[in-house]
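Encoded as structure tokens, the structure appears first; notes follow it.
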Amino acid sequence: MDHQKFAEEWVALWNSHDLEVILSHYSDDIEISTPMIKMATGGKESTLQGKDAVRDYWKKALEKYPELHFDLIKSTAGVDSVALFYKSIMNKHAVEVMFFNEEGKINKMYAHYD
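Residue numbers for the sequence shown follow numbering that gives the first Met the number 0, so the first one is 0 and each next one is one higher.
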């Protein structure tokens, strides 16, 4: 996988706000962990499991932040994974590590923010 090409496409998809196209890159059993879940929902959870739960969360997040725009700073490659460093919402910097299953879909994601 060309991690730089993937990173540029991933950022462009998020900047399009087309949720179903964004989700097409994720497996049905996707697991995401991010402190933004607590912030967006006001709950105690920081991890979501399954595409339906992730879809609901991202739909609310896109509605809450209609100006959402990511700027890619750097991408790096790992074993069946990529890490993206980008400028996120509220001028926060983010590092997002994504792991891919055998079909090339993202099945686990961890996000970190400053």
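Using N, Cα and C, we set each Cβ at its ideal position, and we do this for glycine too. Keep in mind the model is a prediction, meaning the values are calculated, not measured.
Inter-residue distance for V20 and Y112 is about 24 Å (C-alpha atoms, whole angstroms). In the DSSP assignment, H16 falls outside any beta strand (DSSP E), carrying neither H nor E.
The three-state secondary structure of Y64, taken from DSSP, is coil. Here the region 48-60 does not lie against the region 70-77, with fewer than 3 beta-carbon pairs under 8 Å apart. DSSP places F5 within a helical segment (H, G or I) once states are collapsed to three. Residue pairing from DSSP places S80 in a beta bridge opposite G77 and F98. Counted as a single uninterrupted DSSP element, the beta strand (DSSP E) harbouring T46 occupies residues T46 to Q48. Excluding residues up to 5 positions away in sequence, V10, F69, D70, L71, I72 and A93 lie with their Cβ nearer than 7 Å to the Cβ of Y85 in the same chain. According to the DSSP assignment, I88 belongs to no beta strand (DSSP E), since it is labelled neither H nor E.
By the Cβ neighbour-count rule, E95 is buried, with 16 or more other Cβ atoms within 10 Å of its own.
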